[in-house]
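Every letter in the sequence shown is one number past the one before it in numbering that gives the first Met the number 0, and letter 65, counting from 1, is 64. First comes the structure, then the notes that go with it.
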Amino acid sequence: MVGKDYEAEGIAKDGAKMVAAVSCAKVPKITVIIGGSYGAGNYGMCGRAYSPRFLYMWPNARISVMGGEQAATVLATVARDQRAREGKQFSSAEEAALKEPIIKRFEEEGNPYYSSARLWDDGIIDPVDTRLVLGLSISAALNAPIQRTDFGIFRM
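Shown next as structure tokens:
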């Protein structure tokens, strides 16, 4: 969902439809993050901001605004451009020194154990137990009253 190829194909419009559908749906939403969940993709796939009934993570999952390497590269580019405006050089050693702690922090804070410790999700599940956990979650969700769904107009 990121990049100029997707933007040229109108992904923003399609993504807006997806976000509208997810945010307006009154069905029980259950999210299992099995890999990386970054930025707008997290919203589009019913991340915590869309109040899923349950949100679980696999042990290998990652959640963040963006990947650590991408964040470090963006910040290094900003620093390099700032140095260029000042007429100074930005060495590769300085770039590496800037990027290393950023990548380390994103790796640490994107870890599922970090997010579970802060109650950002409903727990880490063993991939083998996914079907069982989803079944129990659906069973629990069936006890809530069913709400009426009100969608806006979807333009095709």
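C-beta: ideal position from N, C-alpha, C; glycine also. All values derive from a computational prediction rather than experimental measurement.
Residue range of the beta strand (DSSP E) that includes residue i
| i | result |
| --- | --- |
| Met-56 | 53-56 |
Assigned exposure category for residue i - 16 Cβ within 10 Å defines buried
| i | result |
| --- | --- |
| Tyr-55 | buried |
| Ile-137 | exposed |
| Ala-83 | exposed |
| Asp-128 | exposed |
| Val-31 | buried |
| Ala-11 | exposed |
| Gly-46 | buried |
| Arg-117 | exposed |
| Ala-60 | buried |
C-beta neighbour in chain C for residue i, strict 9 Å
| i | result |
| --- | --- |
| Leu-131 | Going by chain labels, chain C is absent from the structure shown, which holds only one protein chain. |
Those residues which DSSP pairs with residue i across a bridge
| i | result |
| --- | --- |
| Thr-30 | Leu-54 |
| Gly-35 | Arg-61 |
| Ile-102 | Ile-102 is not bridged to any residue. |
| Ile-123 | Met-56 |
Spatial neighbours of residue i in its chain, beta-carbon cut-off 8 Å, leaving aside the 5 residues before and after
| i | result |
| --- | --- |
| Gly-122 | Tyr-55, Met-56 and Ser-115 |
| Lys-25 | Ile-145, Gln-146, Arg-147 and Thr-148 |
Contacts around residue i, its chain only, beta-carbon distance under 7 Å, and the 5 residues preceding and following it disregarded
| i | result |
| --- | --- |
| Ala-48 | Tyr-42 |
| Ile-102 | Gly-67, Glu-68 and Ala-71 |
| Ala-78 | Phe-89 and Leu-97 |
Integer-rounded CB distance, given that residue j should sit under 8 Å from residue i
| i | j | result |
| --- | --- | --- |
| Gly-109 | Gly-67 | 7 Å |
| Pro-58 | Pro-111 | 6 Å |
| Tyr-37 | Val-64 | 7 Å |
| Ala-70 | Leu-97 | With 8 Å as the limit, Ala-70 and Leu-97 do not qualify as a contact, their Cβ atoms being about 11 Å apart. |
| Pro-51 | Lys-28 | 4 Å |
| Gly-9 | Ala-39 | Actually they do not touch by this definition, with Cβ atoms about 15 Å apart. |
Beta-carbon contacts of residue i that lie in its chain and below 6 Å, excluding the five residues immediately before and after
| i | result |
| --- | --- |
| Asp-120 | Leu-54, Met-56 and Ser-114 |
| Glu-106 | Gly-67 |
Extent of the continuous alpha helix (DSSP H) to which residue i belongs
| i | result |
| --- | --- |
| Tyr-113 | 111-116 |
| Arg-47 | First-last for Arg-47: undefined, no H or E at that position. |
| Gly-134 | 129-140 |
| Gln-88 | Element bounds for Gln-88: n/a, residue is neither H nor E. |
| Ala-15 | 10-23 |
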